[in-house]
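Student: The sequence shown begins at 29 in the numbering used here and counts up one residue at a time. In this text, a Cβ means the ideal position worked out from N, Cα and C, and glycines have one as well.
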Amino acid sequence: EETNRLFTVIEQKTLSIPEIEGVATMIGRVGDRGNGPSDVNEGQIFFRLKPFTERKRSTQEVVNEIRQSIPELYNVRVEFPKMGMASGSAHPVELVFYGKDLTELKAYADSAQHVMQKMDGLFDVNTSMGDGKPELRIIPDRDRSSIMGLSMLEIGNGIKYANLGQVVTRYRESGDEFDVRIRLDEEDRLTQSSIKSIPLISRTGVVSQVGNVGEIKYTTGPITIERENRVRKITVYANTKERNIQAYVEKIREQIQPMETAMPNGYFVEYGGAYKDMADTFKDLVLALVIAVILVYMVMAAQFESFSQPFVVMFTIPLAFIGIVGGLMIMGHPLSVPGFMGIIILAGIVVNNGIVMISFINQLREEGFSKREAIVQASVIRLRPILITSLTTIIGVLPMALSNSQGSELQSPLGTVVAFGLATSTLLTLFIVPILYSGVDKISSFFTKRFKKVVLGHHD
Numbered sequence: 029e030e031t032n033r034l035f036t037v038i039e040q041k042t043l044s045i046p047e048i049e050g051v052a053t054m055i056g057r058v059g060d061r062g063n064g065p066s067d068v069n070e071g072q073i074f075f076r077l078k079p080f081t082e083r084k085r086s087t088q089e090v091v092n093e094i095r096q097s098i099p100e101l102y103n104v105r106v107e108f109p110k111m112g113m114a115s116g117s118a119h120p121v122e123l124v125f126y127g128k129d130l131t132e133l134k135a136y137a138d139s140a141q142h143v144m145q146k147m148d149g150l151f152d153v154n155t156s157m158g159d160g161k162p163e164l165r166i167i168p169d170r171d172r173s174s175i176m177g178l179s180m181l182e183i184g185n186g187i188k189y190a191n192l193g194q195v196v197t198r199y200r201e202s203g204d205e206f207d208v209r210i211r212l213d214e215e216d217r218l219t220q221s222s223i224k225s226i227p228l229i230s231r232t233g234v235v236s237q238v239g240n241v242g243e244i245k246y247t248t249g250p251i252t253i254e255r256e257n258r259v260r261k262i263t264v265y266a267n268t269k270e271r272n273i274q275a276y277v278e279k280i281r282e283q284i285q286p287m288e289t290a291m292p293n294g295y296f297v298e299y300g301g302a303y304k305d306m307a308d309t310f311k312d313l314v315l316a317l318v319i320a321v322i323l324v325y326m327v328m329a330a331q332f333e334s335f336s337q338p339f340v341v342m343f344t345i346p347l348a349f350i351g352i353v354g355g356l357m358i359m360g361h362p363l364s365v366p367g368f369m370g371i372i373i374l375a376g377i378v379v380n381n382g383i384v385m386i387s388f389i390n391q392l393r394e395e396g397f398s399k400r401e402a403i404v405q406a407s408v409i410r411l412r413p414i415l416i417t418s419l420t421t422i423i424g425v426l427p428m429a430l431s432n433s434q435g436s437e438l439q440s441p442l443g444t445v446v447a448f449g450l451a452t453s454t455l456l457t458l459f460i461v462p463i464l465y466s467g468v469d470k471i472s473s474f475f476t477k478r479f480k481k482v483v484l485g486h487h488d
């Protein structure tokens, strides 16, 4: 009832925000797969916003106003988790502490939480244990219990049956069967004083009360105890104001390094969240980029019937990185997964200009032109086709790069990488490729002549 009342207060405060179209509230928290016990002291509110075209502010701006509109409520913690993509994590930054003892783990997690709360740009800092769930804890005194002839099992069963009851028989009516459960009346088991009066009967028939054999106090306990590979863990998580998660993680790593070094054997910390998801994704993308470059080289080696000339064409790929870095800085994008996908796409596009130029140089040399004449003629004749081809591609992706519509956060980095990378690679290709071609051809001719001399000398 208290949780529902507080959520009603939050709903009333936020419904006046014009961008909010609807609100859905769910009291209780269940497991990740929809099962497990529900925690009635927690809940979630889902806000449905108006379509992007019907509101002037972005989602983040609306979230900031919702955060400011929620009043300061006593003993209430409010979080704004970011919804993960697919199986991604909800929080950008997560520190996962592993170890055997839960109390010691909580001390490490609390220290890290304290450090993160002081850092600018981090908010909603909390641990997976949260603030704990209110509970009434009964601590038996073993000496007093033994004097009264009560074992720990008998005390536990007495409290259990008083609160949950015990099925003593079954009642049948019209073919239906009902359990008959006996337990204390509700008013006799809700307060601390009433629980103290719960009767306990020993095996010898001695009657006592819970208050006579132990201490009863209000406290908080862990909502959940998480384990991974049979090892207990506590997660410290936070949201970030900026998208450069790497910078935040490095600052946290530097701050908690002394604590991490002092951890005993069996205790360690790992960095998770969106940071880990992104790191794993980048590893896969780097592998994909390497495979793409190798395949491109193999195709060109078969086309040119040469192992050296494809290297000249492949040099156009690093030339594109000048435009990639500059474009991302100008547009204010970090190097995200869509941006890296753009690099992979770009690896297959930028080589086209080099292929066009080198193919024409080889064609002119076969027609009798000298190497210098062929390079000059190819650079002049192929200038317009190269520029037109690149320009049409750049114009095609510019709307994607400059878009600020809903969902453009995924499209814009990819378009930026392709547009700026192709632009710089095209301009530099017109100057660098002819120079590299001349140099590589000299080196190749030199080794070819040396090889022929060695072969002829061997035959003589």
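(1) Is serine 174 helix, strand or coil when you go by DSSP?
(2) Rank Gln145, Met328, Ile386 and Asp171 by C-alpha distance to the C-alpha of phenylalanine 459 and give the top, closest one.
(3) Assign phenylalanine 125 to buried or exposed, taking buried as 16 or more other Cβ atoms, counted over all protein chains shown, within 10 Å of its Cβ.
(4) Starting from the Cα of aspartate 469, find the closest Cα among Ala451, Phe339 and Tyr199 and give me that residue.
(5) Tell whether a beta-carbon distance below 8 Å holds between glycine 177 and serine 225.
(6) Are serine 156 and glutamate 70 closer than 8 Å when you measure CB to CB?
(7) Could you have a look at glutamine 325 and say whether DSSP puts it in helix, strand or coil?
(8) Compare the beta carbon distance of isoleucine 94 and threonine 42 with 8 Å and say whether it is the shorter of the two.
(9) Consult DSSP for methionine 369 and reduce its assignment to one of helix, strand or coil.
(10) Should alanine 293 go down as buried or exposed, given a rule of 16 or more other Cβ atoms within 10 Å for buried?
(11) Determine the burial state of aspartate 305: buried for a count of at least 16 other Cβ atoms within 10 Å of its Cβ, exposed for fewer.
(12) In terms of alpha-carbon separation, which member of Asn185, Gln405, Leu347 and Val143 lies closest to proline 286?
(13) Can you tell me where the alpha helix (DSSP H) holding alanine 190 begins and where it ends?
(14) State the Cα-Cα distance for the pair isoleucine 389 and leucine 464, rounded to the nearest angstrom.
(15) Rounded to whole angstroms, what's the CA-CA distance from proline 489 to serine 364? Just pull it up for me.
(16) What does DSSP give as the partner residues of alanine 52 in its beta bridges?
(17) Which one or two residues does DSSP pair with valine 195 in a beta bridge?
(18) Quick check: the Cα distance between alanine 451 and serine 418, rounded to an integer number of angstroms?
(19) Touch check for the segment 230–240 and the segment 178–194: three-plus C-beta pairs under 8 Å?
(20) Can you give the Cα-Cα distance for isoleucine 45 and proline 79, rounded to whole angstroms?
(21) Apart from the five residues on each side of it in sequence, which residues of its chain come closer than 6 Å, Cβ to Cβ, to serine 222?
(22) Take isoleucine 3 as the anchor and find which of Glu214, Arg33 and Glu49 has the nearest alpha-carbon.
(23) Quick one: grab the DSSP three-state call for tyrosine 295.
(24) Note down the Cα distance separating phenylalanine 35 from phenylalanine 74, rounded to an integer number of angstroms.
(25) For alanine 266, write down the residues that DSSP places opposite it in a beta bridge.
(26) Measuring alpha carbon to alpha carbon, tell me which of Ile409, Leu374 and Gln283 ends up nearest valine 384.
(27) Start and end of the beta strand (DSSP E) containing aspartate 138?
(28) What residue range does the beta strand (DSSP E) around valine 153 cover?
(29) Do you know whose CA, among Ile345, Gly360, Arg400 and Glu107, lies nearest isoleucine 373's CA?
Tutor: Straight from the coordinates:
(1) helix
(2) Ile386
(3) buried
(4) Phe339
(5) no
(6) no
(7) The residue you asked about is not glutamine; residue 325 is tyrosine in the sequence shown. Helix.
(8) yes
(9) helix
(10) According to the sequence displayed, residue 293 carries asparagine and not alanine. Its Cβ having fewer than 16 others within 10 Å, asparagine 293 is exposed.
(11) buried
(12) Val143
(13) 180–192
(14) 13 Å
(15) Outside the shown range of the chain (29 to 488) lies residue 489, about which nothing can therefore be said.
(16) Phe74
(17) Arg209
(18) 7 Å
(19) yes
(20) 14 Å
(21) Asp216
(22) The structure shown has nothing for residue 3, since the chain only spans 29 to 488.
(23) coil
(24) 11 Å
(25) Val121
(26) Ile409
(27) That residue, aspartate 138, is in no beta strand (DSSP E); its alpha helix (DSSP H) goes 130–145.
(28) 150–155
(29) Ile345
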